Amino acid sequence: MKQEYYLGLDLSTQSLTATAIDLQHQELITHALNYDACYSRYGTEGGVIISDDPRVVHANPEMWIEALDDLFAWLAGKNIPPQTRAISISAQQHGTVYLNSRAKALLSEMDSSGSMLHQLKGIFSRKTCPVWMDSSTSEECSEITQTLGGDLKVVQLTGSVATERFAGPQIRKFWKESRDSYRRTEHITLISAFITSLLTGYFSPIDPGDGLGTNLADIHLKDWDSKALEAASPGLFLKLPPLLKKDKVLGRVSNYLVRRYGFSPDTHVINGSGDNPCSLVGLGLLGDPTCHAISMGTSDTYFGYLPRIQKENRSTGHIFGTADGRYMFLVCFKNGNLARDQIRRAYSLDWKRFSDILMSTPPGNNGRLMLAYPLPEITPQILKPGIHRFGGLSPDDPMGNVRAVFEGQAMAFYLHTHWTGERPKRILATAGASENQGLLKVIAQVFQIPVATLAVKESAALGAAFRAAHASLNLQGIPIKWKTLFRRFIGDSGSDVIYPDSSTAGIYHGENGLLQVYSACESCIRGLGGPPDREIEAFRRKFVA
Ligand code: XUL
Numbered sequence: 017m018k019q020e021y022y023l024g025l026d027l028s029t030q031s032l033t034a035t036a037i038d039l040q041h042q043e044l045i046t047h048a049l050n051y052d053a054c055y056s057r058y059g060t061e062g063g064v065i066i067s068d069d070p071r072v073v074h075a076n077p078e079m080w081i082e083a084l085d086d087l088f089a090w091l092a093g094k095n096i097p098p099q100t101r102a103i104s105i106s107a108q109q110h111g112t113v114y115l116n117s118r119a120k121a122l123l124s125e126m127d128s129s130g131s132m133l134h135q136l137k138g139i140f141s142r143k144t145c146p147v148w149m150d151s152s153t154s155e156e157c158s159e160i161t162q163t164l165g166g167d168l169k170v171v172q173l174t175g176s177v178a179t180e181r182f183a184g185p186q187i188r189k190f191w192k193e194s195r196d197s198y199r200r201t202e203h204i205t206l207i208s209a210f211i212t213s214l215l216t217g218y219f220s221p222i223d224p225g226d227g228l229g230t231n232l233a234d235i236h237l238k239d240w241d242s243k244a245l246e247a248a249s250p251g252l253f254l255k256l257p258p259l260l261k262k263d264k265v266l267g268r269v270s271n272y273l274v275r276r277y278g279f280s281p282d283t284h285v286i287n288g289s290g291d292n293p294c295s296l297v298g299l300g301l302l303g304d305p306t307c308h309a310i311s312m313g314t315s316d317t318y319f320g321y322l323p324r325i326q327k328e329n330r331s332t333g334h335i336f337g338t339a340d341g342r343y344m345f346l347v348c349f350k351n352g353n354l355a356r357d358q359i360r361r362a363y364s365l366d367w368k369r370f371s372d373i374l375m376s377t378p379p380g381n382n383g384r385l386m387l388a389y390p391l392p393e394i395t396p397q398i399l400k401p402g403i404h405r406f407g408g409l410s411p412d413d414p415m416g417n418v419r420a421v422f423e424g425q426a427m428a429f430y431l432h433t434h435w436t437g438e439r440p441k442r443i444l445a446t447a448g449a450s451e452n453q454g455l456l457k458v459i460a461q462v463f464q465i466p467v468a469t470l471a472v473k474e475s476a477a478l479g480a481a482f483r484a485a486h487a488s489l490n491l492q493g494i495p496i497k498w499k500t501l502f503r504r505f506i507g508d509s510g511s512d513v514i515y516p517d518s519s520t521a522g523i524y525h526g527e528n529g530l531l532q533v534y535s536a537c538e539s540c541i542r543g544l545g546g547p548p549d550r551e552i553e554a555f556r557r558k559f560v561a
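With the numbering used here, the residue at position 411 of the sequence shown is 427, and numbering never jumps.
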């Protein structure tokens, strides 16, 4: 029988990955291009350009266009395009792309005899795009918050307090600093919609998975909010694409893709979405609020499905839309792997040794803690980078530092996600670092629930492929259930499960436990409390022999 592929492409911070799934043969093909390695002329480190001010983090969209063409060339080498039925994009969230008045025509006129980049070089009104790691818009966040009537109002309307990396504050900064370029910008879009436009040859709408994470939309109506748009910049409504309410087949691939790579002209293009909403799908969590996910890639994100939203009062975390028209919550910890890797390298350890140390060191680390932020942190919000050690943790103690860096991160996961409703019964860990058993064990200890992983690691690209299959088959009158897709490729549950040792519960959750100590450390760093000496002493009296 002929192969029929559904293709998911994930444009993440560090790489572009393709995952092609064939539903009949349960076949799964994956290929990735790493930006630093393949496109060194763009001068990226970890896929981004960090300026002298560490709060300013951008990427060059030309690099993404080049990578996309190269990935299609690879797929063509495997004869995948002619057998592909539908494509969808997953992309790093929040980054904004700024296009000029020539973009629309140039996109639609692409000629298959030349490269995409060669033909699209002239479409940008801003050379580089601020990406999700950018935290340089605190001033604009305050202005937006003031205009909209305070943090609570902004959260209740847009699902998040005004957030540095989100499109609203970023666009406002661009308008304030570069009025002429702003005027010359005809179209502002998010990365997922921009890359989707490269597939169709026309401007793509923005999906609710990405679009609700902008501070520009009303999360209840799933539409742009006029007050929020005005609070960002004048005339913004005219520059934005429409916002979708759920997944949809947008149309078919461009002539460029048909002629250059051999796609069938009938290949469907489904709206692109953010990497986290795609991962939710790829992990099989769409529709299941009882299992949460921790994705440990460049950043760590903690997310889960939310069938409905409540009126909330919180300052951390976000609400995004989902492929099925419902919601998900997400909390982002920017320094995740950056901090772990910094400690790993400081002691010349490989990841295996790092994991072994986490497996063998005592929960609670004898009251020694670390809160590590090599870059300004999103959760908790800490704008000044720094590595903070507490409880006499010596920099000369590799084992203590390894335990401390991740035990601190795992406690931050726990404490900053209490607003999301009932605690989950299970956690699924995904992305690169989820292979590290030591990390999983510490999460199980801190949360006191089982932590599972899946054999497939590229959950965002896989989720995009699932979304492509689901929307395309439904349109063709062949409805397929999400559950059927998950079962075919990822099984019913996690492959490896790590269970918590209940005897360690009190060390974290008991009176004077480590979670209380961690909170005191965090308050101290944020200038909200004094040194946590009393809490550390109380912990040691109770838990350290
Ligand atoms: C989520 C976030 C990150 C990026 C990374 O809000 O900022 O997870 O999506 O790709």
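Even for Gly, the Cβ is constructed at its ideal location relative to N, Cα and C. Bear in mind that the values here come from a model prediction, so they are computed numbers and not experimental data.
Check: residue i C-beta below 7 Å from any heavy atom of the ligand XUL
i: H110; result: yes
i: G290; result: yes
i: W148; result: yes
i: C348; result: yes
i: G229; result: yes
i: S315; result: yes
i: H7; result: This structure gives no information on residue 7, because the portion of the chain shown stretches from 17 to 561.
i: R181; result: yes
i: S106; result: no
i: S28; result: yes
Extent of the continuous alpha helix (DSSP H) to which residue i belongs
i: I552; result: 549 to 559
i: T174; result: 167 to 174
i: V297; result: 291 to 298
i: F253; result: 252 to 255
i: A183; result: 183 to 193
i: Y272; result: 271 to 277
i: H134; result: 132 to 136
i: I160; result: 154 to 164
i: L122; result: 119 to 124
i: G24; result: Looking at the DSSP string, G24 is not in any alpha helix (DSSP H); the run it does join, the beta strand (DSSP E), is 21 to 27.
i: V533; result: 530 to 541
i: I286; result: From DSSP, I286 is part of no alpha helix (DSSP H) but of the beta strand (DSSP E) over 284 to 286.
i: G227; result: 224 to 227
i: D357; result: 352 to 362
Beta-carbon proximity list for residue i, same chain, < 8 Å, skipping 5 on both sides
i: P98; result: G278, F279, S280
i: D85; result: S131, M132, L133
i: A477; result: G24, L25, D26, T33, A34, T35, T46, S106, C294, G298
i: V418; result: I359, R360, Y363, L365, F370, I373, L374, T377
i: I325; result: G175, I235, H236, I335, Y343
i: S197; result: Y114, S141, R142, F190
The beta strand (DSSP E) enclosing residue i, as first and last residue numbers
i: I204; result: 203 to 206
i: V113; result: 112 to 115
i: M427; result: First-last for M427: 414 to 431, but that is the alpha helix (DSSP H), not the beta strand (DSSP E).
i: E43; result: 43 to 50
i: L387; result: 385 to 389
i: R405; result: 402 to 406
i: G267; result: 265 to 268
i: S567; result: Nothing about residue 567 can be reported from this structure: the residues present for the chain run from 17 to 561 only.
i: I373; result: I373 -> not in any beta strand (DSSP E); alpha helix (DSSP H) instead, spanning 367 to 376.
i: V177; result: From DSSP, V177 is part of no beta strand (DSSP E); its letter is neither H nor E.
Other residues of its chain near residue i: CB distance less than 6 Å, five sequence neighbours each side excluded
i: H284; result: A102, V265, S488
i: G318; result: Correcting the residue type first, residue 318 is Tyr in the shown sequence and not Gly. Closer than 6 Å at the Cβ level, and outside the excluded window around Y318, lie I310, V347, F429, T433.
i: V513; result: P466, A468
i: A339; result: D263, V297, R483
i: R164; result: First, the amino acid is wrong: residue 164 is Leu here, not Arg. Excluding residues within five positions, the ones whose Cβ falls inside 6 Å are V170, A247.
i: R384; result: G407, L409, G416, A420
Other residues of its chain near residue i: CB distance less than 7 Å, five sequence neighbours each side excluded
i: P440; result: T306, C307, H308, G320, I465
i: L458; result: Rather than Leu, the amino acid found at residue 458 in this sequence is Val. Hits under 7 Å: L374, F422, E423, A426.
i: A536; result: G545, P548, E551
i: R504; result: L39, Q42
Residue i: CB within 7 Å of a non-hydrogen atom of the ligand NAD
i: V285; result: This structure does not include the ligand NAD; its bound ligands are the ligand XUL.
* Using 8 Å as the Cβ pair cut-off and three pairs as the minimum, do the segment 130 to 140 and the segment 515 to 530 touch? -> No: the two stretches stay apart, fewer than three of their Cβ pairs being nearer than 8 Å.
* Taking one C-beta from the segment 252 to 260 and one from the segment 234 to 242 each time, how about it: are there three or more such pairs within less than 8 Å? -> They touch, by the three-pair rule.
* To do: Taking only runs that begin and end inside the segment 447 to 528, name each unbroken alpha helix (DSSP H) of 4 or more residues, in chain order.
  => If we require 4 residues or more, the alpha helix (DSSP H) runs fully inside the segment 447 to 528 come out as 453 to 463, 475 to 491, 498 to 506, 521 to 525.
* Asked: Is there contact between the segment 541 to 556 and the segment 403 to 418, where contact requires at least three CB pairs shorter than 8 Å?
  -> Judged by Cβ distances under 8 Å, the segment 541 to 556 makes contact with the segment 403 to 418, as three or more pairs qualify.
* To do: Check whether the segment 206 to 221 touches the segment 106 to 115, taking contact to mean three or more Cβ pairs, one atom from each stretch, closer than 8 Å.
  => Yes, they touch.
* **Runs of alpha helix (DSSP H) wholly within the segment 41 to 108 (minimum 4 residues, chain order)** => For the segment 41 to 108, the continuous alpha helix (DSSP H) assignments of 4+ residues that do not extend past its boundaries occur at 51 to 54, 77 to 93, in sequence order.
* beta strand (DSSP E) runs contained entirely in the segment 288 to 349, provided each spans 3 or more residues -> 307 to 312, 316 to 322, 334 to 337, 343 to 349, all fully within the segment 288 to 349.
* At least 3 beta-carbon pairs within less than 8 Å: the segment 390 to 403 vs the segment 65 to 82 -> The segment 390 to 403 vs the segment 65 to 82: in contact.
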